[in-house]
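A short worksheet on the structure shown next.
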Amino acid sequence: MKLVLTGLSLVLLAGCASASAAMQAPKYTNPPPGRVVQDVVSYLSGEAMNSKWHVVSSRVAVGRQNGKQPAYQWYISVYAPAANGWTLAYRTPGAGTTLLSKVTKARGAQLYFPVQSVKIVGTGELEQAGIQDAVVQVHEFAADCGGSTVAVFGAGSSMKPRVRTAVQNGCDLQASLVKYGQMQAVQLTGPYYGPKAAMCCPTKPKATAKLTNSGTIRGWSVTPNYFKIDNSVH
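With the working numbering, you'll find the sequence shown wraps up at 728, consecutive numbering, no jumps.
As C-alpha cells, then:
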C-alpha cells in the first residue's frame with residue numbers, strides 16, 4: 495500500500511508540474527522592459543482561438559528622487575498572436591508614439607521627470623460586437639499636478655494595434671468600463687475645468703462622463719463634454 499501511495503503522489507506531483515508550466519509567462523519576442531506590472535489578454539482582432547493579444551505594462555527603475563523614492567520609466571507593450579507565441583506590435587515610449595514620455599534626469603539635481611503611472615483598465619467591446627478594445631490610463635506630472643490620458647487601443651482585421659482615440663484632462667482622469675446598450679463604454683471621472691478655470695480650482699471637482707463610439711458617422715464622443723478628445727495621441 496505504501497508503494498502505491500508513493501506512486502500516486504508522484505503522478506500528482508507530475509500533474510502539478512505540468513499545470514505550473516502551462517501557467518508560465520507567455521513567450522514574447524522582444525519581452526517587456528523591466529518588471530511586468532500588468533499583463534491583460536484582449537481579443538483585439540476578434541474572439542477566436544488564435545486571436546488572443548496581450549497588453550502589458552512594465553517599468554524600469556531609472557534612479558531615486560533625491561536619493562529616496564524610486565523613479566520609474568513605464569512602458570506599454572502590445573503583443574500580437576504569432577506562430578510560436580506573441581510578437582511585439584506596439585510599444586510606448588518608442589519611435590512614432592506619444593502616449594508615454596521618456597523619463598529624463600533633471601539638470602543639476604537628483605530628480606527624474608515626468609513622474610509616471612500606468613494602469614490597464616481592462617478590455618471591452620466598445621466599437622464592434624465580438625471585437626475588443628483595450629483601455630489604458632496614464633498620468634504624468636512634473637512641477638504641478640500634470641495631466642492624465644485615457645487611451646483606447648484597437649486592432650481589428652488590420653492586425654495593427656493603434657490608439658483608436660484618447661481623452662486628456664488636467665491633473666486627474668480615472669476610467670472604468672460600463673455597459674452601454676448592447677455594447678460597452680468608458681466611464682470617465684475627474685475634475686472639469688471650464689474655459690477660464692485655473693488648474694488649482696476646477697469648475698467641477700468631480701465630473702463624470704462617458705466615452706462612446708457611434709460607428710463611422712459620429713465616431714467617438716464624450717457626453718457630457720467635460721473632457722477633451724485628442725486624436726493626436728498615438
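Virtual Cβ for every residue (Gly too), placed ideally from N, Cα, C.
| Asked | Found |
| --- | --- |
| Where glycine 602 sits in the DSSP three-state scheme | coil |
| Rounded C-alpha distance that separates aspartate 666 from lysine 700 | 10 angstroms |
| Segment limits, beta strand (DSSP E) that includes methionine 677 | 677-686 |
| Cβ distance (whole Å) where threonine 702 is taken to contact alanine 679 below 8 angstroms | In fact, because the Cβ distance is near 12 angstroms, the residues do not count as touching under 8 angstroms. |
| Alpha-carbon spacing of valine 737 relative to glutamine 681, whole angstroms | Any question about residue 737 goes unanswered here, given that the chain covers just 495 to 728. |
| Nearest candidate by alpha-carbon position, reference serine 611, set Ser652, Pro689, Val632, Met653 | Val632 |
| Classification of proline 634 by the beta-carbon crowding that lies within 10 angstroms, buried from 16 upward | At residue 634 the sequence reads glutamate, which differs from the proline that was named. Label assigned to glutamate 634: buried. |
| Classification of histidine 548 by the beta-carbon crowding that lies within 10 angstroms, buried from 16 upward | buried |
| Nearest-angstrom beta carbon gap, proline 689 and glycine 664 [assumed within contact, 8 angstroms] | No, glycine 664 and proline 689 are not in contact; Cβ-Cβ is about 13 angstroms, not under 8 angstroms. |
| As assigned by DSSP and simplified to three states, the class of serine 551 | strand |
| Burial state of valine 572 (16 or more Cβ within 10 Å) | buried |
| Alpha-carbon to alpha-carbon, serine 642 and valine 672 | 20 angstroms |
| 7 angstroms CB neighbourhood of alanine 515 in its chain, flanking five on each side removed | Note on alanine 515: pLDDT 42, under 50, position unreliable in the model; the coordinate value appears next. Nothing listed; no residue qualifies. |
| Own chain, CB closer than 8 angstroms to leucine 594, minus 5 neighbours either side, in chain order | Trp568, Tyr569, Ile570, Thr586, Pro587, Gln610, Val612, Val632, Glu634 |
| Sequence-distant residues of the same chain with beta carbon closer than 6 angstroms to aspartate 724, five excluded per side | Ala660, Gln662 |
| Contacting residues, own chain, Cβ-Cβ under 7 angstroms from aspartate 735 (five flanking each side not counted) | No statement about residue 735 is possible, as the shown extent of the chain runs from 495 to 728 and does not include it. |
| Threonine 591 to serine 726 span [Cα, whole Å] | 10 angstroms |
| Assigned exposure category for glutamate 621 - 16 Cβ within 10 Å defines buried | buried |
| Rounded C-alpha distance that separates arginine 558 from tyrosine 606 | 8 angstroms |
| Minimum C-alpha distance to tyrosine 522 - residue among Gly561, Tyr584, Ala589, Val554 | Tyr584 |
| Cα-Cα separation between serine 651 and glycine 602, rounded to whole angstroms | 49 angstroms |
| The beta strand (DSSP E) enclosing glutamate 541, as first and last residue numbers | Counting along the chain, glutamate 541 falls outside any beta strand (DSSP E), and DSSP gives it neither H nor E. |
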